[in-house]
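Reviewing the structure listed below.
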DNA sequence: TAACCTCCTGACAACGTTGTCTAGGGGTGC
DNA sequence: GCACCCCTAGACAACGTTGTCAGGAGGTTA
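Residue numbers (the numbering used here), protein chains in the order written: chain A, 1 to 325; chain B, 1001 to 1325.
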């Protein structure tokens, strides 16, 4: 900017005014400055601007894994809202590691992001307190924070979705319904287990429940084991999209009624089509980021806790009767 | 930092030294400073640090659409390499819009990213010249830049992959092989058309080629039209993952041999399994970012142009003979 | 005891912006 | 012709950090 100023024969401040479109600059002078800017290929140093003004026009997004379609859909929605507000997105994957989540959040905060959107991996978020107190708003999405902090959250109706899935299978006549879920330490997995259990009532049998960290081989083995029981399941409820795919791959055409949590591309093209409880990742991202930008615009109201609905999409796999298997 | 300094009763610079782990600070003093840091919840302002040092430890990634599995896989790989080098990732989706690509790159540069990884949407990259001259390295991945600039590129063997696909179908006995591709303005689509055409030789028939911007309805209609020709195709080669899915959805079980460019999850679970020419999105991302970090480490050698291999994965759909349809 | 060295600490400038304040030039009103 | 005001422009400080350099305290050597 200094170079531009001397090239145009004006003061620093005048260049600053032109760059920022501030009023009170003679059009002739402004034109001369613009010419100098073009000639020198100058572009404003945002770091300095941030330092001076305090706002970075950057939002930090912490998700579990950007290459998971669920989270990348969520991320895309956040990105779009951010762009609409003139913000950029700093993003990072926690890989389900609380330590990494924390590190990402701290790094983002050190770079003075204006706000955070977090899919938490851990359940202790006391480390966020200083940042929140310093005025950096955070919105938790897909999973809530630990009890230490009270911030905006956007979740989907996990338990309700699970009840929906199990009720659907029960309507088709199933009484032995297995649940293949993620590690119970994960909020959504625990909630879905609750819904599953509630909808089963007296039919609940712990022998038909497998919950473990994503591990294709392990969950597949659990399912095989269940199928070998004297009173095997006639239907399966899978706790997330990855597990649904794992299960399909394990079954490989063996007929077993199936309802999966999370919709996925091609679910309709498989034979039979896969019945799912669909949530709306883009909706989660959109709502969460709109909440964040409302905070950034100055909303100081109490923390909001939103829940987005889920819906069951029947495609065939969930409508098979017990006698089909 | 100023507050920390006065709280600990030391000078600014001493706090700076402690924060940066610089030698030459009395352990007692350092401990006092650390206590003050904890008490005040201080975290270093990276903007100021960047301003002072000139390096942001940030890499910019411009891709087409973060929610596309191909690009999110690529993005994830870039992220991992960046993390390994202590860098954060600023990312943005161009949505196949050259204007937006340019805007993203400029915004990234204004924030002084240390380097750029770009999947270009446009073909004029003269706008990057000032940045390159200023020493910001860029690596183009999946598609090359326009002729105005000569930078590192990492592509996959598009034409070779297409030849592979068509040759595979020809071996199964097909002579009427349709090509459903993306807009010919997109580099990869054009290359794949070239490979398709080369492998067909005299069998090439423009009536069996559809190339258009991603548009489910349009491509589906083109395919339907081809199937209504007096001499219809007995096989289809689809130009990318999205189009493969579109085609599967259009065909909905109608038997027609199919080979798709790009592998996708569940391709093996469909009936028949979908034969694909698989490229390695994570590999593209990894190689590109390693190239970038080599530049950031000071490598000033001539621009490298790498090509990653593709491989054909036979799963059934590409092995059907013409008489099956 | 003087000279020197090491270890630790602090003062100060600088990075590139922008907010605030001041000032000159020219026009307008009386 | 004088007072006043508006328009434009520039000088200067400040944002929070780090690099450079200077200097004091204490120990060692001659």
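Glycine residues also receive a C-beta, built at the ideal position from the N, C-alpha and C atoms. On a predicted model such as this, the values are computed, not experimentally measured, just so you know.
In the DSSP assignment, residue 1141/B falls outside any alpha helix (DSSP H) and within the unbroken beta strand (DSSP E) covering 1138–1141. Judged by beta-carbon spacing, residue 1285/B lies within the 8 Å limit of residue 1074/B, meaning their Cβ atoms are closer than that value. Minimum Cα-Cα distance from residue 291/A among the listed residues 38/A, 64/A and 85/A corresponds to 85/A. Around the C-beta of residue 1147/B, fewer than 16 other C-beta atoms lie within 10 Å, and the residue is accordingly described as exposed. Separation of residue 1145/B and residue 99/A (C-alpha to C-alpha, rounded to the nearest whole angstrom) is 39 Å. Counting the other Cβ atoms within 10 Å of the Cβ of residue 1092/B gives 16 or more, which makes it buried.
Judged by DSSP in its simplified three-state form, residue 1172/B adopts coil rather than helix or strand.
For residue 149/A, the closest Cβ of chain B is not nearer than 8 Å. Going by beta carbons, residue 1158/B and residue 1191/B fall inside the 8 Å limit. Here residue 35/A is exposed: its Cβ has fewer than 16 other Cβ atoms, across all protein chains shown, within 10 Å. Residues of the region 1101–1117 of chain B with a C-beta less than 9 Å from any C-beta of chain A: 1104, 1106, 1107, 1108, 1109, 1110, 1111 and 1112, listed in chain order.
Taking CB atoms only, residue 1090/B has a neighbour in chain A less than 8 Å away. If you check each beta-carbon in the region 256–271 of chain A against every beta-carbon of chain B, the ones closer than 7 Å belong to 265, 266, 269, 270 and 271.
Listed in chain order, the non-local C-beta contacts of residue 1010/B below 7 Å within the same chain comprise 1029 and 1033, local neighbours out to five positions each way being set aside. Fewer than three pairs of CB atoms, one per stretch, sit closer than 8 Å, so the region 1291–1302 of chain B makes no contact with the region 1225–1245 of chain B.
A straight line joining the alpha-carbon of residue 87/A with that of residue 153/A spans about 21 Å. Put simply, the CB of residue 1065/B is near chain A, with a gap under 8 Å to one of its CB atoms. Classified as exposed, residue 1225/B has fewer than 16 neighbouring CB atoms from the shown chains inside 10 Å of its CB. In this chain, residue 1211/B is not harboured by any alpha helix (DSSP H); it is covered by the beta strand (DSSP E) spanning 1209–1211. For the pair of segments examined, the region 1248–1259 of chain B was found not to touch the region 1111–1131 of chain B: the number of CB pairs separated by less than 8 Å stays below three.
Residue 1231/B and residue 274/A have their C-alpha atoms roughly 36 Å apart.
For residue 141/A, no chain B residue has a C-beta closer than 7 Å to its own C-beta; the minimum C-beta separation is roughly 16 Å. Distances from the CA of residue 1316/B to each of 1294/B, 1199/B, 1276/B and 1142/B were compared; the closest alpha carbon is that of 1276/B. Around residue 20/A, no beta-carbon contact reaches into chain B at under 7 Å, the shortest distance being about 13 Å. For residue 1069/B, the C-beta contacts it makes with chain A under 9 Å involve 67, 69, 72 and 265, in order along the chain.
Judged by DSSP in its simplified three-state form, residue 1311/B adopts strand. Within chain A, the residues whose beta carbon sits less than 7 Å from that of residue 1048/B are 51, listed in sequence order. Between the alpha carbons of residue 1127/B and residue 1060/B lies a distance of about 16 Å.
Taking 8 Å as the cut-off, the beta carbon of residue 1066/B is found closer than this to the beta carbon of residue 79/A. Taking a contact to require three or more Cβ pairs closer than 8 Å, the region 217–224 of chain A and the region 157–174 of chain A do not qualify as touching. Taking a beta-carbon distance threshold of 8 Å, residue 1097/B does not count as an interface residue toward chain A. Shown here, residue 1050/B sits in a helix according to DSSP, grouped into three states. Only residues of its own chain outside the window of five on either side were considered, and among them 73, 74, 76 and 77 have a CB closer than 8 Å to the CB of residue 282/A, listed in chain order.
Pairing residue 1015/B with residue 1049/B, the inter-Cα distance amounts to about 14 Å. In the same chain as residue 112/A, and ignoring 5 residues on each side of it, the C-beta atoms closer than 7 Å to its own belong to 50 and 56, in chain order. Listed along the chain, the chain A residues whose CB falls inside 7 Å of the CB of residue 1016/B amount to none; the nearest CB is some 14 Å away.
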